[in-house]
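Asker:
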Amino acid sequence: MSIVQNPQSSEVAIALREVSFGWSADTLLLDRLSLTIPQGQLWMLLGRNGSGKSTLIRLLAGLLPVAAGTCYVAEPLGFVFQNPDHQLVMPSVGADIAFSLNGEALNYWQVRERVSAALQAVNLQGLERRPIYALSGGQKQRVAIAGAIARQCRVLLLDEPTALLDPESQQELLGYVRQLVNRQGMTALWVTHRLDELAQADGAIVLDHGKIIGQGTPQAMMPLIYQQRTLATHEDSGLLGSN
Ligand SMILES: Nc1ncnc2c1ncn2[C@@H]1O[C@H](COP(=O)(O)OP(=O)(O)OP(=O)(O)O)[C@@H](O)[C@H]1O
Ligand SMILES: [Mg+2]
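The numbering of the sequence shown is the numbering used here, which starts it at 8 and goes up by one.
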């Protein structure tokens, strides 16, 4: 079962101890995962297709139940999906961010101020009235992040947020998240397949078949990731069969 309590150190933003999860009662997908992500850092989560990255990040967001172990994530937390069209629900930019503040006891002016400051942080100031459909993919992702900023999230979980973006928007989005981490002390966990993004991270976690096979600095994790990719290529080409 999940025990959500603050670990000893206030410097920790995310802490898992022996966490397991299965889509069915008899098979575990995530198998006794333990990890610690310090506050105010940008970490990346990597691993082959189907290794359990999205499942893990959903579990951290509280969207899936923990079957065993303990899980702590500092709150409030924000979640950014791969496809922003699955996330932005209101017709205009300002309305969407204001909607994310629904649960907070704020008056009209406080909401306006939060929305405006959040848009400023992702360089979309003044776009409150812009219809969502008139935004580029990168701008939509920035609106999703602005929603988390407006809610004053301490942790931001991003599941392949640049997968649908061109290289320029990809680097721009990563730059904004890096800035949020550096300037506002936010903690971000970013799922990616893109090795060029790894260079911007403070740390990386590598998943394989639902187990953590490495966590540490991006430099230290790089050989492991290359090794995994070589293995995957050989499997795909039939060089490594299961029998
Ligand atoms: N709703 C679900 N019900 C049952 N099984 C699921 C469900 N969602 C995912 N799975 C399975 O869990 C495993 C891990 O999936 P997950 O989406 O976490 O992988 P991933 O590492 O995010 O992969 P990718 O890199 O392709 O996004 C896969 O075998 C997948 O089929
Ligand atoms: Mg995924």
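We put the CB at the ideal spot given by N, CA and C, even for glycine.
With a threshold of 16 other CB atoms inside 10 Å of the CB of Y183, please say whether the residue is buried or exposed.
Answerer: Position 176 of the sequence shown, counted from the start, is the residue given in the question as residue 183. Counting Cβ neighbours within 10 Å, Y183 comes out buried, since at least 16 surround it.
Asker: Note down, one range per segment and in chain order, each beta strand (DSSP E) of at least 3 residues found wholly within the segment 148-212.
Answerer: 162-166, 194-198
Asker: Would T34 be called buried (16 or more neighbouring beta carbons within 10 Å of its own) or exposed?
Answerer: Residue numbering aside, residue 34 sits at position 27 when the sequence shown is read from its first letter. Around the beta carbon of T34, fewer than 16 other beta carbons lie within 10 angstroms, which makes this residue exposed.
Asker: Buried or exposed for L70, please, with buried defined as at least 16 other CB atoms from any protein chain shown within 10 angstroms of its CB.
Answerer: Taking the sequence shown and counting its residues from 1, one reaches residue 70 at position 63. Exposed: under 16 other Cβ atoms inside 10 Å.
Asker: Closer than 7 Å from C-beta to any heavy atom of ligand 2: which residues, in chain order?
Answerer: For ligand 2, the selected residues are K60, S61, D166, E167, V198.
Asker: Since F28 and L66 are thought to touch, with beta carbons under 8 Å apart, how far apart are those beta carbons, to the nearest angstrom?
Answerer: For this step, residue 28 is matched to residue 21 along the sequence shown. For this step, residue 66 is matched to residue 59 along the sequence shown. About 6 Å separates the two Cβ atoms, so the contact holds.
Asker: Which residue from N130, G101, V162, F88 puts its Cα closest to that of W116?
Answerer: Reading the sequence shown from its first residue, position 109 is the one you call residue 116. Taking only the C-alpha atoms, the option nearest W116 is G101.
Asker: For the pair the segment 84-96 and the segment 159-178, tell me if three or more CB-CB distances fall below 8 Å.
Answerer: The segment 84-96 is in contact with the segment 159-178.
Asker: Report back the beta-carbon spacing between L180 and G154 to the nearest angstrom; my notes put them in contact at under 8 Å.
Answerer: If you number the sequence shown from 1, residue 180 lands on position 173. If you number the sequence shown from 1, residue 154 lands on position 147. Actually they do not touch by this definition, with Cβ atoms about 14 Å apart.
Asker: Check the C-beta distance from L23 over to L40 and give it rounded, since I have them as a contact under 8 Å.
Answerer: Counting from 1 along the sequence shown, the entry for residue 23 is found at position 16. Counting from 1 along the sequence shown, the entry for residue 40 is found at position 33. Between L23 and L40, the beta carbon gap of about 5 Å places them in contact (Cβ cut-off 8 Å).
Asker: Give me the Cα-Cα distance between I10 and G192, rounded to the nearest whole angstrom.
Answerer: Within the sequence shown, the letter at position 3 stands for residue 10. Within the sequence shown, the letter at position 185 stands for residue 192. Residue placement at I10 cannot be trusted, given a pLDDT of 42 that sits under 50; what the coordinates show is reported in the next sentence. A direct Cα-to-Cα measurement between I10 and G192 gives close to 25 Å.
Asker: Is any non-hydrogen atom of ligand 1 found closer than 8 Å to the C-beta of G221, if you look at the structure I gave you?
Answerer: Residue 221 sits at position 214 when you count from the first residue of the sequence shown. No - ligand 1 has no heavy atom lying nearer than 8 Å to the Cβ of G221.
Asker: At which residues does the alpha helix (DSSP H) containing E120 begin and terminate?
Answerer: Stepping through the sequence shown from its first residue, residue 120 is reached at position 113. First-last of the alpha helix (DSSP H) with E120: 115-128.
Asker: Tell me which residues share the same chain as R158 and place their Cβ nearer than 7 Å to its Cβ, disregarding the 5 neighbours each side in the sequence.
Answerer: Numbered from its first residue, the sequence shown carries residue 158 at position 151. Excluding sequence neighbours, R158 sits near P83, G85, S107, L108.
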